[in-house]
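**Student:** UniProt numbering puts the first residue of the sequence shown at 1, with every later residue one more than the last.
This is the structure I have questions about; it appears just below.
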Amino acid sequence: MLALLLAGCSALRIGYANGDTFVYWWLDGYVDFTNEQKPWVKAHIDRLFDWHRKTQLRDYAQLFGQVQQRLQRGSMRPEDIREDFDAIRKRASAVLEKSVPELTDLALAIEPGQIAHLERKFASNNDKYRKEYLRGSVDDRQRLRFKNVMKQAEYWFGNFSDEQEAIIRKASDARPLDNDIWMAERLRRQQDMLQMLRKIHAEKPSREVVGKMIRDFIAHGFENFTYAEHKAFFDGSAEGMAQMIATIVNVATPEQKAHAVKRLQKLIEDCHELAAKT
Numbered sequence: 001m002l003a004l005l006l007a008g009c010s011a012l013r014i015g016y017a018n019g020d021t022f023v024y025w026w027l028d029g030y031v032d033f034t035n036e037q038k039p040w041v042k043a044h045i046d047r048l049f050d051w052h053r054k055t056q057l058r059d060y061a062q063l064f065g066q067v068q069q070r071l072q073r074g075s076m077r078p079e080d081i082r083e084d085f086d087a088i089r090k091r092a093s094a095v096l097e098k099s100v101p102e103l104t105d106l107a108l109a110i111e112p113g114q115i116a117h118l119e120r121k122f123a124s125n126n127d128k129y130r131k132e133y134l135r136g137s138v139d140d141r142q143r144l145r146f147k148n149v150m151k152q153a154e155y156w157f158g159n160f161s162d163e164q165e166a167i168i169r170k171a172s173d174a175r176p177l178d179n180d181i182w183m184a185e186r187l188r189r190q191q192d193m194l195q196m197l198r199k200i201h202a203e204k205p206s207r208e209v210v211g212k213m214i215r216d217f218i219a220h221g222f223e224n225f226t227y228a229e230h231k232a233f234f235d236g237s238a239e240g241m242a243q244m245i246a247t248i249v250n251v252a253t254p255e256q257k258a259h260a261v262k263r264l265q266k267l268i269e270d271c272h273e274l275a276a277k278t
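This is the structure:
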């Protein structure tokens, strides 16, 4: 849901119009629900979307308004970006905490064949990640990362000049680059999840115990599963991202900032309109 919000106003409207179907389809691709599971999984998703629309969207509108004010101020500091990161994390945590009872039901209901299906899905996704991010030279990887940055930057601010792109490219390349560490992080997350699900299936613990396992998994994920081994990299990545976003904002012209302010205003209006629906 947060990804839909941050992707832009059209994604927000489309996401809420078809969000329950999309989330069910996405989960089913990983789990392959049985006929018995399908009705209550869909009901859980519907209730989560209803809660989110009624209780979270106005708060998101307020956050977007704060970002809008910073843009209108004309400049942005890396500490402003870090503050926004923390705000987004807080809101993501709220959604995940609300989802724990539903995730508990799902974890208790998953069967061995579905865990195997999940493992195969992870393996397929990992193959795609390797093909896209673990081949080519360092410059090839930097160029791909910069391309992804510019795609989002141009959505919010419009087209950039060659001079602006050169400045942004320098800020993008200054971030630590080690896709092998991100691959290790993916694998650790996946293996921990699979081990947790196998343990739940084998031991059939109480709902309270399963809920705690899921909360611990979520909390660990926010800190990065491999953080202890790669602290300098993850800290540097977060700081580099904040520096780069501040650079994008500060290199933007007044017209480009106005473009982003307009995008945010549409998001704010959509949040209020969707929240008001019954």
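Every residue gets a Cβ at the ideal spot worked out from N, C-alpha and C, and that includes glycine.
Small disclaimer: the values here were computed from a predicted structure and weren't measured.
Could you tell me whether the segment 144–153 touches the segment 181–191, using the rule of 3 or more Cβ pairs below 8 Å?
**Tutor:** no
**Student:** Please state whether the Cβ-Cβ distance between valine 210 and threonine 55 is less than 8 Å.
**Tutor:** Contact: no.
**Student:** Below 8 Å, how does it come out for the segment 231–243 and the segment 73–91: are there three or more Cβ pairs, yes or no?
**Tutor:** yes
**Student:** According to DSSP, simplified to helix, strand and coil, what is threonine 226?
**Tutor:** coil
**Student:** For residue 281, is the classification buried or exposed, using 16 other Cβ atoms within 10 angstroms of its Cβ as the cut-off for buried?
**Tutor:** Absent from the structure is residue 281, since the part of the chain shown begins at 1 and ends at 278.
**Student:** With three or more beta-carbon pairs closer than 8 Å as the criterion, would you say the segment 161–171 touches the segment 83–93?
**Tutor:** With the cut-off at 8 Å, the segment 161–171 and the segment 83–93 do not touch.
**Student:** Looking at leucine 118: is its Cβ nearer than 8 Å to the Cβ of tyrosine 30?
**Tutor:** yes
**Student:** Would you mind listing the alpha helix (DSSP H) stretches within the segment 168–224 that are 4+ residues and don't spill past its ends, in chain order?
**Tutor:** Counting whole runs of 4 or more residues, the segment 168–224 contains the alpha helix (DSSP H) stretches 179–203 and 207–222.
**Student:** Do you know whose CA, among Val67, Met193, Ile110 and Val100, lies nearest leucine 48's CA?
**Tutor:** Val100
**Student:** Write down every uninterrupted run of the alpha helix (DSSP H) in the segment 66–143 whose length is 4 residues or greater and which is fully enclosed by it, in chain order.
**Tutor:** Taking 4 residues as the minimum length, the alpha helix (DSSP H) runs contained wholly in the segment 66–143 are 78–109 and 112–133, in order along the chain.
**Student:** Looking only at its own chain, which residues have a Cβ that is under 7 Å from the Cβ of arginine 198, when we skip the five neighbours before and after it?
**Tutor:** Ile115
**Student:** What does the alpha-carbon distance come out to for the pair serine 75 and tyrosine 16?
**Tutor:** Roughly 32 Å between the two C-alpha positions.
**Student:** Within a Cβ cutoff of 8 Å, which residues of the same chain sit near arginine 141, ignoring the five residues on either side of it in sequence?
**Tutor:** Tyr133, Leu177 and Asn179
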